[in-house]
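Chains as they are written, first to last, in this note's numbering: chain A, 65 to 277; chain B, 65 to 277. Even glycine gets a Cβ: it sits at the ideal position worked out from N, Cα and C.
2 protein chains.
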Amino acid sequence: MVKRGLNRDRLVEIAHEYVAANGLDALTMRRLASAAEVTPGALYKHLKDRRDLQRAMSDAVYATIDLTDIDTDTPTVAQVITCCERMRAAMLTFRDGGRIVAGSYSPFAATLALSGTLMRLLQGVVQPPFHPGDIQSALRSYTTGFVIEEQAYLELERTGEWEPLVTALTAHFPRANRTGDTISIMTGERDRRFTAGLTAILTGTVRPDPTPQ
Amino acid sequence: MVKRGLNRDRLVEIAHEYVAANGLDALTMRRLASAAEVTPGALYKHLKDRRDLQRAMSDAVYATIDLTDIDTDTPTVAQVITCCERMRAAMLTFRDGGRIVAGSYSPFAATLALSGTLMRLLQGVVQPPFHPGDIQSALRSYTTGFVIEEQAYLELERTGEWEPLVTALTAHFPRANRTGDTISIMTGERDRRFTAGLTAILTGTVRPDPTPQ
DNA sequence: ACCTGAACACCGTTCAAGT
DNA sequence: ACCTGAACACCGTTCAAGT
Numbered sequence: 065m066v067k068r069g070l071n072r073d074r075l076v077e078i079a080h081e082y083v084a085a086n087g088l089d090a091l092t093m094r095r096l097a098s099a100a101e102v103t104p105g106a107l108y109k110h111l112k113d114r115r116d117l118q119r120a121m122s123d124a125v126y127a128t129i130d131l132t133d134i135d136t137d138t139p140t141v142a143q144v145i146t147c148c149e150r151m152r153a154a155m156l157t158f159r160d161g162g163r164i165v166a167g168s169y170s171p172f173a174a175t176l177a178l179s180g181t182l183m184r185l186l187q188g189v190v191q192p193p194f195h196p197g198d199i200q201s202a203l204r205s206y207t208t209g210f211v212i213e214e215q216a217y218l219e220l221e222r223t224g225e226w227e228p229l230v231t232a233l234t235a236h237f238p239r240a241n242r243t244g245d246t247i248s249i250m251t252g253e254r255d256r257r258f259t260a261g262l263t264a265i266l267t268g269t270v271r272p273d274p275t276p277q
Numbered sequence: 065m066v067k068r069g070l071n072r073d074r075l076v077e078i079a080h081e082y083v084a085a086n087g088l089d090a091l092t093m094r095r096l097a098s099a100a101e102v103t104p105g106a107l108y109k110h111l112k113d114r115r116d117l118q119r120a121m122s123d124a125v126y127a128t129i130d131l132t133d134i135d136t137d138t139p140t141v142a143q144v145i146t147c148c149e150r151m152r153a154a155m156l157t158f159r160d161g162g163r164i165v166a167g168s169y170s171p172f173a174a175t176l177a178l179s180g181t182l183m184r185l186l187q188g189v190v191q192p193p194f195h196p197g198d199i200q201s202a203l204r205s206y207t208t209g210f211v212i213e214e215q216a217y218l219e220l221e222r223t224g225e226w227e228p229l230v231t232a233l234t235a236h237f238p239r240a241n242r243t244g245d246t247i248s249i250m251t252g253e254r255d256r257r258f259t260a261g262l263t264a265i266l267t268g269t270v271r272p273d274p275t276p277q
């Protein structure tokens, strides 16, 4: 009788390791079981079903976001941007992190902490006629959408499907030149473009931070 | 020997009908085959595999977007908003439309038409220091992310999981009151909130349309 | 309380054979 | 060219039985 030490959190950890190595589509309950060196049936003592697994994986992604250094008592636009960048970073550290979060049908469970601090910051900087709730929603939707797109690109790049796809598309749509803005969206400078989007949302909707002289 | 009339497009149509009735997670190749009144093996004459099916379904979503009345020669902010609202509407008309698009790993195939007109419009209205490509990317990411979140809510509502989830969350997080901005994000006024997000992105980044006197 | 073994009703995909 | 029938190697989930 071995001390197994197997539990829900450890299972979620193993699941993320498996996805990191093989991608989300390759993850099955049976393969998770064998990765955990356990029989398939044993999983169901810790997880309700496959959906429950993905929800738990989604929560684990958000749990890596550290917000302890965010000071909600002195709200700044810079801190708002930091929150969103950490949200993106959290999803990016997990392969298929965007799809895991988006497909979990659990848009709130662990996101509440992030949503809360974001709201408190925005309440201090958003200016009329805009509402903090709308801006918070927009920032979260944008971030999720952005990461899903960039991870889609990363997956295609990984499997070598990206190049053929682009050449096929440029053949069919001559106007979409590879270096132009339409296709090159993903190829480079993803960090810069992400922050540019954040700035676009915040410009005109928030009171700018006082520039330290 | 019956004239079957079965082809790729018809198969994609049947797939969307099946998803509309049963949800994306219930769609399998075998069930698609039986809905098409055909043997499972027959599918593979029209579809490469399951991934190919989802990519084709994603293309079908974008194909419903009508942009013929958009005049790219006289670009306006109003037309930019119309494009994004049509993109959202297209995804919303298909159950799980957001997940289908997001999970297809095909962010470009049929989106190129939309991306192109959006780019041409933005080139006429975006003002420095912002770049049309960045704003286009931001608008698309935001729209995709927004629809995924609202359809996640719609699915939970459909299955009756929404109410228990909210009551469980409010018990754990007393600060997230149901009528407050954190949780009520989805419950109502989704149209208004979507447009508010678009406006947030565009305010400060584009030259406003001349107001007709 | 946690795990195994075995079973059940499914999957996706391939391929010779038919028409 | 398109479809069937049958097969292969898998799935998710349940549950009596063991420890």
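Whole-angstrom distance between residue j and residue i, CA atom to CA atom
i        : j        : result
B:Leu218 : B:Ala153 : 14 Å
A:Gly87  : B:Thr138 : 45 Å
B:Phe210 : B:Met151 : 11 Å
A:Ala177 : B:Asp130 : 40 Å
A:Ala142 : B:Leu91  : 44 Å
B:Ile134 : B:Asp198 : 21 Å
B:Lys67  : B:Asp123 : Its pLDDT being 42, under 50, B:Lys67 is placed unreliably in this model, and the coordinates cannot settle the point.
A:Thr234 : B:Thr231 : 51 Å
B:Ile78  : B:Pro272 : 44 Å
B:His236 : B:Lys109 : 52 Å
A:Pro104 : B:Thr267 : 53 Å
B:Pro274 : B:Ala260 : 20 Å
A:Lys112 : B:Ala166 : 26 Å
B:Gly180 : B:Thr136 : 10 Å
B:Ala216 : B:Leu156 : 11 Å
B:Ala97  : B:Val76  : 11 Å
B:Thr128 : B:Thr175 : 11 Å
B:Pro276 : B:Thr132 : 24 Å
B:Val102 : A:Asp89  : 26 Å
A:Phe227 : A:Arg256 : A small correction: the amino acid at residue 227 of chain A is Glu; Phe does not occupy that position in the sequence shown. Cα-Cα distance, rounded: 23 Å.
Candidates the options: closest to residue i by CA position
i        : options                                : result
A:Ile164 : A:Glu221, A:Arg94, A:Tyr126            : A:Tyr126
A:Glu225 : B:Leu75, B:Ala216, B:Ser168            : B:Ser168
B:Phe194 : A:Leu262, A:Val144, A:Tyr82, A:Ser98   : A:Leu262
A:Met121 : A:Glu221, A:Thr140, A:Gly161           : A:Gly161
B:Glu214 : A:Glu214, A:Thr223, A:Glu213, A:Arg204 : A:Arg204
B:Ala106 : B:Ala84, B:Arg254, B:Gly69, B:Tyr82    : B:Gly69
B:Met93  : B:Ala166, B:Arg114, B:Thr259           : B:Arg114
B:Ala85  : B:Gly268, B:Arg222, B:Arg257           : B:Arg222
B:Leu117 : B:Val102, B:Gly268, B:Thr103, B:Ser170 : B:Ser170
B:Ile212 : B:Val102, B:Pro276, B:Arg159, B:Arg95  : B:Arg159
Residues of its chain near residue i, where Cβ-Cβ distance is below 6 Å and the 5 sequence neighbours each way are ignored
i        : result
A:Leu182 : Cys147, Gln200
B:Gln187 : Pro196
B:Thr207 : Cys148, Met151, Arg152
A:Val144 : Leu185
B:Arg254 : Glu214
Close beta carbons around residue i, own chain, < 7 Å, minus the five adjacent residues each side
i        : result
B:Met65  : In this prediction, B:Met65 has a pLDDT of 41, which is less than 50 and means its spatial position is unreliable; nothing more can be read from the coordinates.
B:Val270 : Val141, Val189, Val190, Gln191
A:Ile95  : It is worth fixing the name first, because residue 95 of chain A is Arg in this sequence and not Ile. Answer for A:Arg95: Tyr82, listed in chain order.
A:His80  : Met121, Ala124, Phe158
A:Phe258 : Arg152, Phe210
Contacting residues, own chain, Cβ-Cβ under 8 Å from residue i (five flanking each side not counted)
i        : result
A:Leu229 : Leu220
A:Arg74  : Ala100
A:Ala202 : Ile265
A:Arg72  : His110, Leu111, Ala120
Any C-beta of chain A under 8 Å from that of residue i
i        : result
B:Met65  : Because the pLDDT of B:Met65 is 41, which lies under 50, any placement of that residue in the model is unreliable, and the question is left without a value.
B:Tyr108 : no
B:Ala90  : no
B:Tyr82  : no
B:Ala264 : yes
B:Ile134 : no
B:Gly209 : yes
B:Asp198 : yes
Any chain B beta carbon closer than 8 Å to residue i
i        : result
A:Tyr126 : no
A:Thr267 : yes
A:Arg159 : no
A:Arg163 : yes
A:Gly255 : Reading off the sequence, residue 255 of chain A comes out as Asp, not Gly. No, because no Cβ of chain B sits closer than 8 Å to the Cβ of A:Asp255.
A:Asp123 : no
A:Gly188 : no
A:Asp113 : no
A:Ala235 : no
Residue i Cβ short of 7 Å to the ligand FMN heavy atom set
i        : result
B:Pro196 : Here there are no bound small molecules, and the ligand FMN is not part of this structure.
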